[in-house]
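Note that the working numbering gives residue 91 to position 91 of the sequence shown, counting from 1, and the numbers run on in steps of one.
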Amino acid sequence: MNIAALILWVITAGGGFVLLAKWLAGGGAKAGTTSRLPAPVVFAHFLVAAVGLVLWIVYLVSDVDALAWVSLVLLVLLALTGFGMVARWLPSLSNDAVDPPEKSFPIAVVGAHGLFAVATLVTVLLTAIGIGS
1 MNIAALILWV ITAGGGFVLL AKWLAGGGAK AGTTSRLPAP VVFAHFLVAA VGLVLWIVYL
61 VSDVDALAWV SLVLLVLLAL TGFGMVARWL PSLSNDAVDP PEKSFPIAVV GAHGLFAVAT
121 LVTVLLTAIG IGS
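Right, here's the structure in full:
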């Protein structure tokens, strides 16, 4: 289960990286942008995800249970910020005159990123509580 979580986390990170790259290419981090996604939240989400992934890899190598629990807590924080960003992103899909950078996000990538994130969280939880080890 712990390797499955790693694979899911890497796939999730890949989707997140695609979304981050699209957002940056569209000028999302520039001052005065029309983005509905605050740059500090986007970058914090990316940073926490990267730290969590590194901690998960360290957990796999060291088998220190506390690292699995810390990784799980980080995933819960990521899920909360992710849901918040989705809530702010959805209105950008309407046909207003404003054209925020995140309007170009591929819906399939956003959906897959969310689904893989949920699967990652569940597998990390199962590993942390000792199921599937």
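Where is the CB? At the ideal position from N, CA and C, for every residue including glycine.
query                                                                                                                                                          : result
Between the Cα of Ile-3 and those of Gly-15, Leu-77, Gly-28, Val-58, spot the shortest distance and give me the residue it belongs to.                         : Val-58
Please state whether the Cβ-Cβ distance between Gly-82 and Ala-117 is less than 8 Å.                                                                           : yes
Take Ile-176 and list the residues in its own chain whose beta-carbon comes closer than 6 Å to its own, dropping the five residues that flank it on each side. : Lying outside 1 to 133, the shown extent of the chain, residue 176 is not represented and no answer is given.
Leaving out five residues before and five after Trp-23 in sequence, what residues of the same chain have Cβ atoms less than 6 Å from its Cβ?                   : Pro-101, Glu-102
If contacts are defined as beta-carbon pairs under 8 Å, then Leu-75 and Leu-121 qualify, I think. What distance do you get, rounded to the angstrom?           : 5 Å
Exposed or buried, which one is Ala-25 when buried takes at least 16 other CB atoms within 10 Å?                                                               : exposed
In chain order, what residues of the same chain lie with their CB nearer than 8 Å to the CB of Asp-99, ignoring the 5 residues before and after it?            : Thr-34
State the start and end residues of the unbroken alpha helix (DSSP H) segment that holds Phe-105.                                                              : Unbroken run through Phe-105: none, as it is neither H nor E.
Contact defined as beta carbons within less than 8 Å: I believe Ala-44 pairs with Ala-13. What is the distance between those atoms, to the nearest angstrom?   : Actually they do not touch by this definition, with Cβ atoms about 15 Å apart.
Take Phe-46 as the anchor and find which of Leu-72, Leu-125, Ala-21, Ala-112 has the nearest alpha-carbon.                                                     : Ala-21
Figure out for me which residue from Leu-8, Ala-68, Gly-32, Gly-52 has the closest Cα to the Cα of Ile-129.                                                    : Ala-68
Out of curiosity, what's the CA-to-CA distance linking Ala-29 and Asp-96?                                                                                      : 21 Å
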